[in-house]
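First the structure, in the form of structure tokens, and then the observations on it.
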Amino acid sequence: MPEGHALHRLARRQQRQFGGQRVQVQSPQGRFGPEAALLDGMRFATAEAWGKHLVYTFDDGPEAASSARMVHIHLGIYGAFTEEELPMPEPVGQIRMRMIGADLGVDLRGPNACELYTPPDLDALLARLGPDPLRADADPAQAAAAIARSRRAIGSLLMDQKVIAGVGNIYRAEVLFRAGIDPLRPGTSITAEEFAEIWADLVALMAVGAERGRIHVVRPDDDHGAPAYAANRPRTYVYRRAGEPCRLCGTPIAWQEMEGRNLFWCPSCQH
Ligand SMILES: [Zn+2]
6 MPEGHALHRL ARRQQRQFGG QRVQVQSPQG RFGPEAALLD GMRFATAEAW
56 GKHLVYTFDD GPEAASSARM VHIHLGIYGA FTEEELPMPE PVGQIRMRMI
106 GADLGVDLRG PNACELYTPP DLDALLARLG PDPLRADADP AQAAAAIARS
156 RRAIGSLLMD QKVIAGVGNI YRAEVLFRAG IDPLRPGTSI TAEEFAEIWA
206 DLVALMAVGA ERGRIHVVRP DDDHGAPAYA ANRPRTYVYR RAGEPCRLCG
256 TPIAWQEMEG RNLFWCPSCQ H
């Protein structure tokens with residue numbers, strides 16, 4: 006599943022591609038058919054991301070904002086957009102939503118959610134999500150409070166979208182390494198200074214990820230040539246490096262499963 010930086014990057018890209026244009030909206034597969042018919046021909050106003058959720062706003066033009074409609078998309082594990090040049094090719098596979106603008110079109114296949122949203126729906130979603138490090142309106146105090154009162158492991162809390170929105174497995178592992186924090190420590194043991202460091206690092210690293218479309222977490226000084234775990238995958242301190250020497254101290258990177266996801270850390274550098 007893409008982490009939040011990828012959704013913010015996608016929202017910015019689609020804002021550039023479609024923002025302000027009247028768009029054709031279709032559902033070749035049919036599952037989004039009635040909704041697509043309502044949206045077809047409306048103006049694509051905004052694309053925004055909150056954590057791993059994408060929300061579009063459509064309206065009938067700047068002077069008719071009262072008729073605005075919203076669409077909520079969550080890609081989940083299998084969802085993906087593909088971009089197509091115009092004219093659009095014949096639909097291939099299960100295309101939930103096809104959107105065609107002035108210059109190009111996109112096809113959405115396999116999302117976890119693709120649905121019309123009302124303002125109360127959006128409020129309910131945001132009430133379920135913690136602050137998003139990539140949003141200027143994020144309130145980190147909310148996440149600090151949730152962590153400070155929880156006995157769950159910080160490695161688990163960082164992955165919980167109700168605590169912080171947008172963090173996935175890679176940023177969780179890497180940020181805790183960079184802060185020298187053992188992922189098994191309970192939230193109650195995380196000091197205000199440690200939380201501030203985690204938050205500031207997430208803000209900085211995820212902004213780089215959204216800008217470049219790639220996860221960059223290894224400081225240049227620490228990069229002594231140990232390879233990434235696979236071609237075209239991010240170079241990391243600990244993520245997917247189980248048993249390999251820590252880039253800082255040489256200790257074999259530890260691994261365990263935590264709530265069904267693989268957790269990686271350095272037992273020497275992280276306390
Ligand atoms: Zn180490």
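The sequence shown begins at 6 in my numbering and counts up one residue at a time.
We put the CB at the ideal spot given by N, CA and C, even for glycine.
C-alpha gap between residue i and residue j, whole angstroms
i	j	result
Cys274	Lys167	28 Å
Arg27	Gly106	7 Å
Glu198	Ala184	10 Å
Met102	Arg140	26 Å
Cys251	Val243	7 Å
Val30	Thr51	15 Å
Ser1	Gln99	With the chain covering only 6 through 276, there is no way to say anything about residue 1.
Pro116	Leu253	39 Å
Glu216	Glu179	18 Å
Val76	His276	43 Å
Met6	Ile82	5 Å
Gly192	Gly255	28 Å
Ile195	His13	28 Å
Nearest-angstrom Cβ-Cβ length linking residue i and residue j, presumed shorter than 8 Å
i	j	result
Gly171	Gly56	4 Å
Asp142	Gly9	Not really, about 14 Å apart at Cβ, beyond 8 Å.
Pro257	Glu249	7 Å
Ile175	Pro239	7 Å
Leu15	Leu44	Wrong, their Cβ atoms sit about 18 Å apart, outside the cutoff.
Sequence-distant residues of its chain with Cβ nearer than 7 Å to residue i (five each side left out)
i	result
Glu88	Leu109 and Val111
Tyr234	Arg245 and Arg246
Gln34	Gln99, Ile100 and Arg101
Leu189	Ala158 and Gly160
Endpoints, the alpha helix (DSSP H) within which residue i is located
i	result
Phe63	Phe63 -> not in any alpha helix (DSSP H); beta strand (DSSP E) instead, spanning His58 to Asp64.
Leu25	Checking the sequence shown, residue 25 turns out to be Gly, not Leu. Looking at the DSSP string, Gly25 is not in any alpha helix (DSSP H), and its letter there is neither H nor E.
Leu80	Leu80 -> no alpha helix (DSSP H), and no H or E assigned at all.
Glu40	Gly38 to Leu44
Glu90	Careful: Glu90 lies outside any alpha helix (DSSP H), inside the beta strand (DSSP E) at Ala85 to Glu90.
Ile159	Ile159 to Leu162
Glu53	Here Glu53 belongs to no alpha helix (DSSP H); instead the beta strand (DSSP E) covers Arg48 to Trp55.
Gln147	Pro145 to Ala153
Min CB distance residue i to chain D below 8 Å
i	result
Ala42	Included in the structure is just one protein chain, with no chain D present.
Residue i Cβ short of 7 Å to ligand 3 heavy atom set
i	result
Leu253	Judged by which ligands are present, ligand 3 is missing from the structure shown, whose ligands are ligand 1.
Residue i - containing beta strand (DSSP E), residue span
i	result
Arg183	Arg183 -> not in any beta strand (DSSP E); alpha helix (DSSP H) instead, spanning Asn174 to Ala184.
Gln261	Ala259 to Met263
Leu268	Arg266 to Trp270
Bridge partners - residue i, DSSP secondary structure assignment
i	result
Tyr122	Met75
Ile105	Gln29 and Gly110
Ala191	Before going on, a small fix: residue 191 reads as Pro here, not Ala. Per DSSP, Ala158.
Contacting residues, own chain, Cβ-Cβ under 6 Å from residue i (five flanking each side not counted)
i	result
Tyr122	Met75 and His77
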